[in-house]
Structures are given as structure tokens and as C-alpha cells.
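Report on one structure; see the data block that follows.
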Amino acid sequence: MARPRKTAAIDVGSTKIACVMADTDATGKTEITGFGVAPPDGFKLGVVVSLDKATESIAHAIEQAERMAGGKVRAGPVFVSISGEHIKHLPGLGAVPVNRPTRGIQSRDVEDVIRQAQTIRLPNDEEILHVVPTQFIVDGQKGVRNPLGLFGVRLEVEALLIIGAVTAIENLHRVMERLEVKNRSLMLQSLATAGAVCDEEDKELGVAVVDLGGVTDVSVHKDGEIRYTRTLAIGSSNITKDVAIGLRTSYQQAEEVKRQFGTALASLVEKDEPLTVEDASGRGPKQVSRRLLASIIEPRAEELLNLADAEVRKSQLADGLAGGVILTGGGALLPGIDLMAEQVFGMPVKVGRPDRVNGPREVVQNPALATAVGLVRCGLDGKTRQLHRVRAPGPVSRFWEDIKGWFS
Numbered sequence: 001m002a003r004p005r006k007t008a009a010i011d012v013g014s015t016k017i018a019c020v021m022a023d024t025d026a027t028g029k030t031e032i033t034g035f036g037v038a039p040p041d042g043f044k045l046g047v048v049v050s051l052d053k054a055t056e057s058i059a060h061a062i063e064q065a066e067r068m069a070g071g072k073v074r075a076g077p078v079f080v081s082i083s084g085e086h087i088k089h090l091p092g093l094g095a096v097p098v099n100r101p102t103r104g105i106q107s108r109d110v111e112d113v114i115r116q117a118q119t120i121r122l123p124n125d126e127e128i129l130h131v132v133p134t135q136f137i138v139d140g141q142k143g144v145r146n147p148l149g150l151f152g153v154r155l156e157v158e159a160l161l162i163i164g165a166v167t168a169i170e171n172l173h174r175v176m177e178r179l180e181v182k183n184r185s186l187m188l189q190s191l192a193t194a195g196a197v198c199d200e201e202d203k204e205l206g207v208a209v210v211d212l213g214g215v216t217d218v219s220v221h222k223d224g225e226i227r228y229t230r231t232l233a234i235g236s237s238n239i240t241k242d243v244a245i246g247l248r249t250s251y252q253q254a255e256e257v258k259r260q261f262g263t264a265l266a267s268l269v270e271k272d273e274p275l276t277v278e279d280a281s282g283r284g285p286k287q288v289s290r291r292l293l294a295s296i297i298e299p300r301a302e303e304l305l306n307l308a309d310a311e312v313r314k315s316q317l318a319d320g321l322a323g324g325v326i327l328t329g330g331g332a333l334l335p336g337i338d339l340m341a342e343q344v345f346g347m348p349v350k351v352g353r354p355d356r357v358n359g360p361r362e363v364v365q366n367p368a369l370a371t372a373v374g375l376v377r378c379g380l381d382g383k384t385r386q387l388h389r390v391r392a393p394g395p396v397s398r399f400w401e402d403i404k405g406w407f408s
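Residue numbers for the sequence shown follow this note's numbering, beginning at 1 and rising by one.
This is how it looks when you write it as C-alpha cells:
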């Protein structure tokens, strides 16, 4: 019997570091074997600000996952998320003559045209993280998904170039080097999240994914590919801060109260029961009303969703999203957030949880861990599209893996 394929994922979030380990058998069945969560010390909004603290944070999450799985993260490929306000996207265009038209379009032709699409001028502090082909054009024929084997004399590509800050990318690699995570690939967080909560039909018909974490990641998918992405430096952590201020309690107490008793819509509070919280002044516990808690949460939740809706509208694809909106991340656990989102977006909304994996319920049913699970799924599907200068196995072999992954 063939040994299961081992993979691991490290999600560098703004409110937590999550590590997930998984085994996949010959039938494609994936089982989560271990997971660990740690505070994001050394990071600010997903970006490394202290190498020592960041290394310790990720090491702590890895240790938990390895202890549970009974193995090592480094036993297989490791997929690492990256996000932040520094991420942006630009259109990329490429066109090349087909090397040997009579043999049909070959992988080498696809490689050439993808490289051509990357030839854009960027500031010295930015570099291309991903290249996502949105369509190929063969001798003027648009809408080609897989050009391999087709006859043609000219091959073109339209692509989405995901751009990141060199400093953020390099410092994340330095942390991974310290942890001796050699066989790694970076992946845009919003791509990974969509890989966990969307199926191919969702992406084909059109869907927006809103990840309500410490920051808010918005991505829009259509015709099977990502078309727009944006990270907003505001998220569910801002709701917690509002609760802490409004109830005059600590951030930790505010987070606990929000999770246990909070709701996005004050109208959902049928019984105005009293809640006990610790006073920030240290004078001991005090009582506050549940309706007051909801009245603090509601305006900030609505603001978050309105900002996300504005980004979906900027994609100019909002009217064609038959799959509606999928909410995920820790903020998606807030009762009533889906009902509020339907009012804001004016389209169907559902809370997305990791799909197509087995394992502990606290992982596979948890929207807050969707990105980590999505990293594993996308890596196994060969769809990381990782064209960044990966330290290992090297840019050439990595590129060829991606070429095959696009059409698998």
C-alpha cells in the first residue's frame, strides 16, 4: 500500500498563527492529522516586524501540530500564507509565436507566454508573487482555458499579476529559514481561503469571498479564476476593541464576551439578560446588558460589510456573481452576520467552512481555520501558481510544476 502524501500549511493571520498537517491517500482523501494555534507575536497585520518573536510564534504552532500528528512539518511540502495591505494586483499580457506549430502548443510555449506576461516595470520594493492566467488566446480565438496540444502559430495570455512588497516577502522567508522549513511555497491568503470554502462551480458562476479576520480579505472569482483581491486594515478585531471601550473592560474579556454572547443584529436579542464582565479599572466584576453589547457590535459589523461590499463593486463583477457571497474567518461566527450581509450586499450570503477534508471538528467545521485548510487543499491540487523565487525546489522546477497544475 502506498504511503500517504504528507503536507502542511502555516497560515500567518493578523490575529493568530495556525499550523495544519495532513495526509492524503491514493484516492485523494485528505485527513487533518494535527493542528496548532498561537498568538501572532512578531507580526503586525500579517507582516513580520520582529524576526525573533515571529519565529517563536510559528514554532509554537508547529510544535502543537507535530505533537498531535506524531510527525514533522518538514516531512513534506509546506504552504505558507501571505497577505496584507502591501498586496495588489495588475493585469499582465503576453504574446509569443508558437515554436513548432505542427506539433501543437507545448508546455514550453506556455512557459514563454507566461514569462512574457510578467515583463512589467515594478518599483524596486515590489515583486510578482503569483501569475494567474485568466484566459489564453490562440490565433485570435479567445476563451481558451487549456492551450496544450492545440494547433496555432501565435499564443497570447491575459493574466492577473499578484504583487507584494519585497520586504514583507523576504522577511517571511527569513522566518521560515530560521525554522528550517525549506520545501515551502508562499500563497496569497485569499486564494487559499477560497480554495477551502468554494467549489469549482462557485468560482465558475462567480462568487465573492469575504474573510473576516483581524483584517478583512476580499476576493472575487469568476470563470474559474480570481479576478480581484484586496486586504482592508479593519476586521473583527476592531469589533472587539469597540466592545472593550464600550463596556470599559479588557480586550481579552471583550473578545470572550463577543464570542459567547455577541450578535451582529441587536434585533436578534429577544431577552435582555445581564452579562458579567470584569471592569477595566480592576474594581471587580460588573453587570452590563446583552442588548448594549449588540448595540456596540452592530454599527462596526455593518461598517466592515459596507467596506467589503465597496471592494466587490470595484471589481465590476458584482452583478454577475451567481454564487453570491461567502463569509469566512473568525468574524463569520458572529450570529446574524450572514443576515446583515445579505442586506448590505443585496445577494445570497452563506457562511463558508472548510470542505473536502476530514479531521477534528474544531478544524474542519471552523471558518477561522479555513485559510490553513485551503493552503493544504490548493497545494494538493497543484494550484499554488507559485512563481515567486522559492528557495526550494528552485524556480525552474517550481515553474514546471505550476504549468502542469494549471491544467490538471
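Virtual Cβ for every residue (Gly too), placed ideally from N, Cα, C.
> Where do the N-terminal and C-terminal ends of the beta strand (DSSP E) with D23 fall, by residue?
Replying inline: 17 to 24
> Got a sec, what are the start and stop residues for the beta strand (DSSP E) R230 sits in?
Replying inline: 225 to 232
> Are the Cβ atoms of S236 and G374 separated by less than 8 Å?
Replying inline: no
> What three-state label does DSSP hand R3 in the structure shown?
Replying inline: coil
> If you compare alpha carbons, which of H221, R248, V215, A266 is closest to E85?
Replying inline: V215
> Roughly how many angstroms lie between the CA atoms of A412 and F35, to the nearest whole one?
Replying inline: No statement about residue 412 is possible, as the shown extent of the chain runs from 1 to 408 and does not include it.
>> Is the beta carbon of T371 closer than 8 Å to that of L179?
In response: no
> Exposed or buried, R259, counting other C-beta atoms within 10 Å across all chains shown (16 or more means buried)?
Replying inline: exposed
> When the Cα of L122 is compared with those of I114, G28, L161, E31, which residue comes out closest?
Replying inline: L161
>> Distance check for R100 and G28, CA to CA, integer angstroms please.
In response: 36 Å
> In the DSSP assignment, what are the bridge partners of L90?
Replying inline: L161
> Tell me the DSSP bridge mates of L51?
Replying inline: Partner(s): none; L51 has no beta bridge.
>> Below 8 Å on the Cβ atoms is my contact criterion, and I expect G447 with C19 to pass it. Report the Cβ-Cβ distance as a whole number of Å.
In response: The displayed coordinates of the chain run from 1 to 408. Any statement about residue 447 would go beyond what the structure contains.
> If we count the other Cβ atoms within 10 Å of its Cβ and call it buried at 16 or more, is N366 buried or exposed?
Replying inline: buried
>> Our contact map puts G46 next to V12 with C-beta atoms below 8 Å; I'd like the distance itself, whole angstroms only.
In response: 6 Å
> Would F43 be called buried (16 or more neighbouring beta carbons within 10 Å of its own) or exposed?
Replying inline: buried
> What is the rounded straight-line gap between the Cα of R385 and the Cα of S107?
Replying inline: Bear in mind that the predicted position of R385 carries a pLDDT of just 44, short of 50, making it unreliable; the figure below should be weighed with that in mind. Cα to Cα, R385 sits roughly 15 Å from S107.
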